[in-house]
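Its first residue numbered 12, the sequence shown is counted upward by one per residue in our numbering. For every residue, glycine included, the Cβ atom is placed at its ideal position computed from N, Cα and C. The structure appears below as structure tokens.
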Amino acid sequence: MLNILRGGLDPSKIPIDVRTRCYIHDDMLASISIENRSEKLIPVVWSGILVEPFWEDAPILTGDSELDHILMSESKLLLQYKLEHDDFDVLVRVEVLERLKISQEYFSHYWYQLVLKVGYRPLSVQRTLFEEIAEYYQKKFPNHSPLDIEEMAMQMVAHPDKTIPPHSTGGAVDVLLRNSSTGEVIDMGSPINMPDDTSHLIVPGLPNYALSNRNILLNGMLAGWFANLPSEWWHFSYGDAYWAVFYGYEKALYTSIYEEE
């Protein structure tokens with residue numbers, strides 16, 4: 012169960028070790044104004060960071076067809092988008108790349124290398140992704156109310172009609188870590204995009220090695236001044252509304268980038 016912060020609280024006044032474990036509800040983001048910096052999206056080509064896009068991932072087979080579909084949903088949607096848009100790539104804002112470099116400096120002390128799975132996510136992909144995760148939860152929890160299902164889905168994928176999705180701003184990233192010597196993926200205790208509580212930063216019964224690895228990832232991204240999303244151990248953002256509330260800023264730097272039709 013996530014600790015959810017709602018209106019009336021200032022997350023920036025909460026100790027950082029507590030703040031990183033509290034989900035900031037969307038009602039707290041509504042008061043944030045947007046500076047809307049005209050900052051370009053750029054591909055991540057810096058050699059210090061590995062770029063392994065979701066759309067290059069091999070299929071995940073758990074034996075549960077519904078779960079397999081959700082685990083690979085983003086990969087398939089981004090691949091389809093890329094096939095239709097030749098210039099699409101793993102893209103982030105200019106300042107976000109600079110922040111990622113700072114984080115990588117932190118990880119290098121552990122002989123770890125940052126792996127970027129996605130940055131900017133087009134709104135059309137965002138919408139379909141939200142619809143698919145909501146449908147998955149509705150099938151899995153048929154006795155839950157539509158409002159409960161929507162709330163669960165929004166903790167995994169932002170609803171583009173109700174908030175500015177972090178990934179649509181070019182300020183959010185989904186990341187992993189690899190051992191820079193062996194190339195092995197660092198085990199976080201659950202696969203990325205797992206639609207259950209094992210994706211939460213803190214999970215009862217999580218093995219100590221996985222908790223330690225998640226904390227290394229968290230601290231390294233905080234070093235780059237990213238905000239974390241405690242419902243997804245792999246998701247971090249800079250410059251979006253969630254980041255602004257997390258650090259106590261009055262303005263977000265970025266708003267959604269609308270793709271050309």
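DSSP state of residue i mapped onto helix, strand, coil
| i | result |
| --- | --- |
| H80 | helix |
| A183 | strand |
| F99 | coil |
| A263 | strand |
| F257 | helix |
| E272 | Low confidence applies here, because E272 scores a pLDDT of 42, under 50, leaving its location unreliable; read the following figure in that light. In this structure, E272 counts as coil in the three-state DSSP scheme. |
| F247 | strand |
| A169 | coil |
| A234 | helix |
Bridge-paired residues (DSSP) for residue i
| i | result |
| --- | --- |
| L61 | V126 |
| Y34 | I15 |
| L52 | R104 |
| R110 | Paired residues: none, contrary to the question. |
| R189 | Q124, V196 |
Whether residue i touches residue j by CB criterion (8 Å)
| i | j | result |
| --- | --- | --- |
| F257 | P22 | yes |
| W57 | L108 | yes |
| S242 | Y34 | yes |
| L240 | L229 | no |
| Y194 | S114 | In the sequence as presented, Tyr is not what sits at residue 194; that position holds Gly. Result no, Cβ atoms of G194 and S114 do not sit closer than 8 Å. |
| L52 | V126 | no |
| L61 | M39 | no |
| I144 | P206 | yes |
| Y137 | P171 | The displayed chain sequence assigns Gln, not Tyr, to residue 137. Their beta carbons are under 8 Å apart, which means Q137 touches P171 by this criterion. |
Residue closest to residue i, alpha-carbon to alpha-carbon, out of the options
| i | options | result |
| --- | --- | --- |
| P133 | D98, L158, I43, S44 | D98 |
| S201 | L52, L111, V55, G216 | G216 |
| D251 | E85, H36, P176, M163 | P176 |
| F118 | A234, H178, W66 | A234 |
| K128 | F65, E116, Q137, S179 | F65 |
| V103 | D68, H178, L13 | H178 |
| S44 | R189, S267, V126, K262 | K262 |
| V184 | N47, S42, P54 | P54 |
| W244 | Y265, N190, M167 | M167 |
| A169 | S192, D37, P157 | D37 |
Pairwise C-alpha distance: residue j and residue i
| i | j | result |
| --- | --- | --- |
| E146 | L72 | 20 Å |
| D28 | A238 | 12 Å |
| Y121 | H155 | 43 Å |
| K24 | T180 | 26 Å |
| Q4 | L88 | Residue numbering for the chain in the displayed model covers 12 to 272; residue 4 lies beyond these limits and cannot be assessed. |
| P70 | I81 | 11 Å |
| N204 | A41 | 26 Å |
| E272 | N219 | For E272, the predicted model reports a pLDDT of 42, less than 50, meaning its position is unreliable and no value from the coordinates is stated. |
| W236 | R48 | 18 Å |
| P259 | G18 | One point to set straight first is that residue 259 is Gly, not Pro, in the sequence displayed. Approximately 13 Å between the Cα atoms of the pair. |
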